[in-house]
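Participant: Each residue of the sequence shown is one higher than the one before, starting from 468 at the first, in our numbering.
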Amino acid sequence: IIRDKQTRTKPYCNGRGNYSTDTCGCICEPGWKGPNCTVPDCPRDCSDQGRCANGKCECFDGFMGEDCSVETCPVDCGENGRCVNGVCVCNEGFSGDDCTETDCLNNCLGRGSCIDSECLICPHDCFTGEDCGTIACPNDCSGRGFCIDGRCVCIAGYSGEDCSSLTCPNDCKQRGRCFNGVCICEIGYFGEDCGKLSCPNNCNGRGRCIDGHCECDVGFQGHDCSEFSCPNNCNNRGRCDNGQCVCEEGFGGEDCSIKTCLSDCYGRGQCVDGKCVCFADFTGGDCSELSCPSNCLNRGRCIAGQCVCDEGFTGEDCGQRKCHNDCLGRGRCVEGQCVCQEGFEGPDCSVPTCPGNCNNRGRCLNGKCVCDKGFVGDACGERSCPNDCSGVGQCLDGRCVCDEGHIGEDCSEGNCSRLYAILYIVLFIYYILIF
468 IIRDKQTRTK PYCNGRGNYS TDTCGCICEP GWKGPNCTVP DCPRDCSDQG
518 RCANGKCECF DGFMGEDCSV ETCPVDCGEN GRCVNGVCVC NEGFSGDDCT
568 ETDCLNNCLG RGSCIDSECL ICPHDCFTGE DCGTIACPND CSGRGFCIDG
618 RCVCIAGYSG EDCSSLTCPN DCKQRGRCFN GVCICEIGYF GEDCGKLSCP
668 NNCNGRGRCI DGHCECDVGF QGHDCSEFSC PNNCNNRGRC DNGQCVCEEG
718 FGGEDCSIKT CLSDCYGRGQ CVDGKCVCFA DFTGGDCSEL SCPSNCLNRG
768 RCIAGQCVCD EGFTGEDCGQ RKCHNDCLGR GRCVEGQCVC QEGFEGPDCS
818 VPTCPGNCNN RGRCLNGKCV CDKGFVGDAC GERSCPNDCS GVGQCLDGRC
868 VCDEGHIGED CSEGNCSRLY AILYIVLFIY YILIF
């Protein structure tokens, strides 16, 4: 029962609404719902185009926005358009469902057809250009000139209205004859206009001819580049044999410029400036020796890649301290100290222990408790009974619980003997009273 609406409204509705006595419930503020205004509400209930999750709309495919009221386009309109009510509205110069198609420039000036954003089939081939705005030249200048205002400007070697006629450059400089636009030069000359001096044997294809002289490629020499040469003249560290350097000892490489290493480091390292930088697990001047992990931490000797540890150390790299007698297999060695298994103790776990240290009611002898008087059990944890209850009872915490037919502290008395004794006493008392 809400007795004080002024003081109870906010706690009851979690500070997100007012309690109404008319409806016996909370009237929640915008953004909240539920009996106590604890459930986040979504704007416009996500317009029935999504689901509300923790106060936020998760829109279905085809919709977006804070309340899922905005339709999305089936394709990405990209940078060339925008999505309006599910349809791409393209920017000027673009078209298509996704605004990726471009319109033709100037709509081809009405002189041609726009196909795939290009002006094609300009009328009668009289026009050309991106927008059919350029006057075409005959035969497109045969591909041998430039069309300017409908007239061909031919490249060198061609002439005519459509540049279809061949000419020879510089009339072959009078050093050859022109055949179908190509100079056939006289001996000793070459070039498109026979203007260059030729070289002997055309440098054998091993160099360039410059003003009648061969400039040989690397590896060749001579007036016609017919001889082999060695790179950098082997750097004076070897001899040239048919274009190959035969290097002196200690040097290698194509031009003997590289210092080599002994035995090529046996393939177990890299040769750096004549010295071996060995890979892991190898050592020595030529990397021929096996190395040991961490160099045995200076606690042992490395022999054939394995550490032979000094006294007191063990492990692959002699990094572990050794324990006395290896803990006799009854514990773990931790930093030279034995951590013994249960039941053993001592520096090398050689001493058996007793359970519970015999509860201080006896002494431990070879791992077994010898209990003090009055106590029994593996750990001397139980009290003993007199005469072990004579074998006709159970000992519970030092007291005998006798079997049926036996009584007494140690269960040594029978029931009949006690009854006779009681009967005798009763008769004796009766006799005294009468007489």
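Even for Gly, the Cβ is constructed at its ideal location relative to N, Cα and C.
Once DSSP output is grouped into helix, strand and coil, what is the label at Gln516?
Facilitator: Correct three-state label for Gln516: coil.
Participant: Do the CB positions of Cys670 and Cys676 come within less than 7 Å of each other?
Facilitator: Yes. Within cutoff.
Participant: What first and last residue would you give for the beta strand (DSSP E) that runs through Gly453?
Facilitator: Nothing in the structure corresponds to residue 453, since the chain is present only between 468 and 902.
Participant: Can you list, in chain order, the residues of its chain whose CB lies under 6 Å from that of Glu653, leaving out five sequence neighbours each side?
Facilitator: So the list reads Arg642 and Gly643, once near-sequence residues are dropped.
Participant: Using alpha carbons as the reference points, say which of Ile602, Asn521 and Val551 lies closest to Phe530.
Facilitator: Among Ile602, Asn521 and Val551, the Cα nearest to that of Phe530 is on Val551.
Participant: If contacts are defined as beta-carbon pairs under 8 Å, then Pro760 and Glu783 qualify, I think. What distance do you get, rounded to the angstrom?
Facilitator: Right, the Cβ-Cβ distance comes to about 5 Å (below 8 Å), so this counts as a contact.
Participant: In terms of alpha-carbon separation, which member of Gly501, Val649 and Val685 lies closest to Asp638?
Facilitator: The shortest C-alpha separation from Asp638 is found at Val649.
Participant: So Cys509 and Cys519 are supposed to be a Cβ contact under 8 Å. How far apart are they, rounded?
Facilitator: Correct: roughly 4 Å between the Cβ atoms.
Participant: Beta-carbon within less than 6 Å of Asn792's beta-carbon, same chain only, minus the 5 sequence neighbours each way: which residues are those?
Facilitator: Result list for Asn792: Asp815, in chain order.
Participant: Any chance the region 829–836 sits against the region 850–858, with 3 or more Cβ pairs inside 8 Å?
Facilitator: No, because fewer than three Cβ pairs between the region 829–836 and the region 850–858 fall closer than 8 Å, the two stretches do not touch.
Participant: Are Cys790 and Arg797 close, meaning C-beta to C-beta below 7 Å?
Facilitator: Contact flag unset, no.
Participant: Out of Cys852, Cys821 and Cys869, state which residue places its alpha-carbon closest to the alpha-carbon of Ala846.
Facilitator: Looking at the Cα atoms, Cys821 is the closest of the given residues.
Participant: Label Thr750 either buried or exposed according to how many other C-beta atoms from any shown protein chain fall within 10 Å of its C-beta, with 16 as the threshold for buried.
Facilitator: Buried, because 16 or more other Cβ atoms sit within 10 Å of the Cβ of Thr750.
Participant: Is DSSP giving Ile622 helix, strand or coil here?
Facilitator: The answer is coil: DSSP assigns Ile622 none of H, G, I, E or B.
Participant: In the DSSP assignment, the beta strand (DSSP E) including Ser857 goes from what residue to what residue?
Facilitator: No beta strand (DSSP E) holds Ser857; DSSP gives it neither H nor E.
Participant: Give the DSSP-derived three-state secondary structure of Phe718 in the structure shown.
Facilitator: Strand.
Participant: Can you say whether Lys500 is buried or exposed, counting buried as having 16 or more other CB atoms within 10 angstroms of its CB?
Facilitator: Burial call: buried.
Participant: Just the Cα atoms here: how many angstroms apart are Cys491 and Thr567?
Facilitator: About 60 Å.
Participant: In terms of residue numbering, what span does the beta strand (DSSP E) encompassing Asp708 cover?
Facilitator: Looking at the DSSP string, the run of the beta strand (DSSP E) that includes Asp708 is Gly705 to Asp708.
Participant: Classify Gly810 as buried or exposed, calling it buried when 16 or more other Cβ atoms lie within 10 Å of its own Cβ.
Facilitator: Exposed, because fewer than 16 other Cβ atoms sit within 10 Å of the Cβ of Gly810.
Participant: Roughly how many angstroms lie between the CA atoms of Cys728 and Cys738, to the nearest whole one?
Facilitator: Roughly 6 Å separates the two Cα atoms.
Participant: Provide the residue span of the beta strand (DSSP E) that contains Arg828, from first to last.
Facilitator: From DSSP, Arg828 is part of no beta strand (DSSP E); its letter is neither H nor E.
Participant: Ignore the nearest five residues each way along the sequence and tell me which others in Pro502's own chain have a CB closer than 8 Å to its CB.
Facilitator: The residues are Gly492 and Cys493.
Participant: Tell me whether the beta-carbon of Asn785 lies closer than 7 Å to the beta-carbon of Arg799.
Facilitator: Asn is not the amino acid found at residue 785; the sequence shown has Cys there. No, these two residues do not count as a Cβ contact at 7 Å.
Participant: Could you give the uninterrupted runs of the beta strand (DSSP E) lying entirely in the region 766–821, keeping only those of 3 residues or more?
Facilitator: With a minimum length of 3 residues, the continuous beta strand (DSSP E) runs that stay inside the region 766–821 are 767–770, 773–776, 798–801 and 804–807.
Participant: In whole angstroms, give me the CA-to-CA distance for Phe657 and Phe646.
Facilitator: Their backbone Cα atoms lie some 15 Å apart in a straight line.
Participant: Assign Gly841 to buried or exposed, taking buried as 16 or more other Cβ atoms, counted over all protein chains shown, within 10 Å of its Cβ.
Facilitator: Exposed.
Participant: Considering only their Cβ atoms, is the gap separating Gly553 from Glu533 smaller than 7 Å?
Facilitator: In this structure, Gly553 does not lie closer than 7 Å to Glu533 by Cβ.
Participant: Starting from His680, trace the beta strand (DSSP E) both ways and give me its first and last residue.
Facilitator: Unbroken beta strand (DSSP E) run through His680: His680 to Cys683.
Participant: Could you tell me the alpha carbon to alpha carbon distance between Asn700 and Arg706, rounded to whole angstroms?
Facilitator: So the two alpha carbons sit approximately 8 Å from each other.
Participant: How should Val542 be labelled, buried or exposed, when 16 other C-beta atoms within 10 angstroms of its C-beta is the threshold for buried?
Facilitator: Per the 10 Å Cβ criterion, exposed.
Participant: Are Asp684 and Leu664 closer than 7 Å when you measure CB to CB?
Facilitator: No, the pair does not count as a contact, with Cβ atoms beyond the cut-off.
Participant: Can you tell me which of the three DSSP states Thr474 falls into?
Facilitator: Per-residue confidence for Thr474 stands at a pLDDT of 37, beneath the threshold of 50, marking its modelled position as unreliable; the derived number appears in the next sentence. Helix, per DSSP.
Participant: Tell me the rounded alpha-carbon separation between Asp598 and Asp515.
Facilitator: Using only the alpha carbons, I get a separation of about 50 Å.
Participant: Count the other CB atoms, across all protein chains shown, that sit within 10 Å of the CB of Thr595; report buried if there are 16 or more and exposed otherwise.
Facilitator: Buried, because 16 or more other Cβ atoms sit within 10 Å of the Cβ of Thr595.
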